[in-house]
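Novice: Please find one structure pasted underneath; my questions will follow.
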Amino acid sequence: MKFHTIPWLCLGAALLLQSCVSPQPHLNQLTRSEQREGWRLLFDGQSLDGWRNYKEAEAPKEGWIVENGCLKLVQDSRPGDLVTVEKFDDFELIWEWRISPGGNNGIKYLVSEERGAPGPEYQMIDDSTQKSVKHQTASLYDILPPASDKRLNPPGEWNHSRVIVLGKNVEHWLNGKKVLAYELETSELQAAIAESKFQKETTFGRKISGHIMLTDHKDEVWYRNMKIRSRQAHLFAEIE
């Protein structure tokens with residue numbers, strides 16, 4: 003896409019100011035239907051309740067901040083990764099996010115605090131900075147690429163993501179479309195891991211009950227409307 007009248011940097015700044023400048027109505031709330039379906043908020047829009055630093059007992063005092071209903075990582079603040087206090091097994095996680103131009107971040111799931119590679123990562127990044135499809139948005143970071151026809155909104159605009167873990171089956175969604183599906187503990191996944199930076203992590207790719215992690219890759223990122231529901235595998239409805 004070419005912009006003939008507005009320089010890219012000015013456009014990016016304008017987009018970053020278009021939301022979360024003032025609180026939007028109905029952010030970080032559950033509808034009655036969502037409540038009946040078992041959804042709950044992971045971020046209440048007001049605090050870091052339910053979150054803590056990775057391998058620590060409490061949330062950081064700075065770096066991760068609440069700003070106008072958004073959970074924001076301040077640029078270059080390096081407060082460390084955030085994890086949920088709770089662990090999750092079979093679950094559906096949805097969230098909205100945006101990054102600045104050139105930004106890089108991700109959400110990890112099934113996170114363990116007992117190994118070098120905490121868990122699988124749903125990559126969130128400015129794709130224009132990445133040549134490898136295994137490093138682009140919605141990939142299983144460094145292991146499996148997302149669908150080539152995914153629809154990614156540009157930096158400064160909001161994206162909607164979803165991760166579903168049901169038994170050993172995992173799905174990555176982006177803006178309403180499933181873009182990646184894989185199965186944990188399979189020879190196919192292990193072969194892909196063997197070609198990645200995680201090849202020496204012998205327990206990587208196993209199904210465990212683990213935390214949700216918001217990674218700190220130093221770049222600004224905003225989150226809102228983070229919701230999760232945990233359900234028994236035989237009750238989990240297929241999402242189309």
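One rule links them: number in the numbering used here = place in the sequence shown (from 1) + 2. Positions of the beta carbon are idealized from the N, C-alpha and C atoms, including for glycine.
#1: Among Gly108, Ile145, Val76, which residue has its Cα nearest to the Cα of Ala196?
#2: Once the 5 residues before and after Ser232 are set aside, which same chain residues still bring their CB inside 6 Å of it?
#3: Can the beta-carbon of Gly207 be found less than 8 Å from the beta-carbon of Gln192?
#4: Could you check if Glu222 is buried or exposed, using at least 16 other CB atoms within 10 Å of its CB as the buried criterion?
#5: From the DSSP output, read off the bridge partner residues of Thr86.
#6: Out of Gly47, Leu32, Gly178, which one is the CA nearest neighbour of Gly40?
#7: Which word fits Ala183, buried or exposed, when buried means at least 16 other C-beta atoms lie within 10 angstroms of its C-beta?
#8: Return the CA-CA distance between Gln48 and Leu75, expressed in angstroms with no decimal places.
#9: Run through the segment 177-205 for me and flag every whole alpha helix (DSSP H) of 4 or more residues, listed as ranges in chain order.
#10: Are the CB atoms of Ala119 and Phe200 within a distance shorter than 8 Å?
#11: From the DSSP output, in three-state form, read off Ser24 for me.
#12: Ser24: buried (16+ other C-beta within 10 angstroms of its C-beta) or exposed?
#13: Whose CA, out of Glu187, Thr204, Ala140, Ser189, lies closest to the CA of Asn177?
#14: Decide if Trp66 is buried, meaning its Cβ has at least 16 other Cβ atoms within 10 Å, or exposed.
#15: Check the C-beta distance from Tyr56 over to Met228 and give it rounded, since I have them as a contact under 8 Å.
#16: Using three-state DSSP, classify Arg1 as helix, strand or coil.
#17: Which residue comes first and which comes last in the alpha helix (DSSP H) that contains Arg226?
Specialist: Let's see:
#1: With distances taken between Cα atoms, Ala196 lies closest to Ile145.
#2: Setting aside the 5 residues that flank it on each side, Ser232 is surrounded in the same chain by Phe90, Phe93, each with a C-beta closer than 6 Å to its C-beta; the list follows chain order.
#3: Yes; because the gap between Cβ atoms is below 8 Å, this pair is in contact.
#4: Under this definition Glu222 is a buried residue.
#5: DSSP, once it has assigned bridges, lists Trp53 as partnering Thr86.
#6: For Gly40, the nearest C-alpha among the options comes from Leu32.
#7: Counting other Cβ atoms within 10 Å of its Cβ, Ala183 stays below 16 and is therefore classed as exposed.
#8: Rounded to the nearest angstrom, the two C-alpha atoms are 15 Å apart.
#9: The qualifying runs are 189-196.
#10: Yes.
#11: In this prediction, Ser24 scores a pLDDT of 49, lower than 50, which makes its location untrustworthy; the coordinate-derived value is nonetheless stated afterwards. Coil at Ser24, not helix or strand.
#12: Reliability of the predicted coordinates at Ser24 is poor, the pLDDT of 49 falling under 50, and the value obtained from them is presented with this limitation in mind. Exposed, because fewer than 16 other Cβ atoms sit within 10 Å of the Cβ of Ser24.
#13: The shortest Cα separation from Asn177 among Glu187, Thr204, Ala140, Ser189 belongs to Ala140.
#14: Trp66 is buried by the Cβ-count criterion.
#15: Contact doesn't hold; Cβ gap of about 17 Å is too wide.
#16: An answer regarding residue 1 cannot be provided, because it is not within the stretch 3 to 242 covered by the chain.
#17: Premise fails: Arg226 lies in the beta strand (DSSP E), 223-232, not in any alpha helix (DSSP H).
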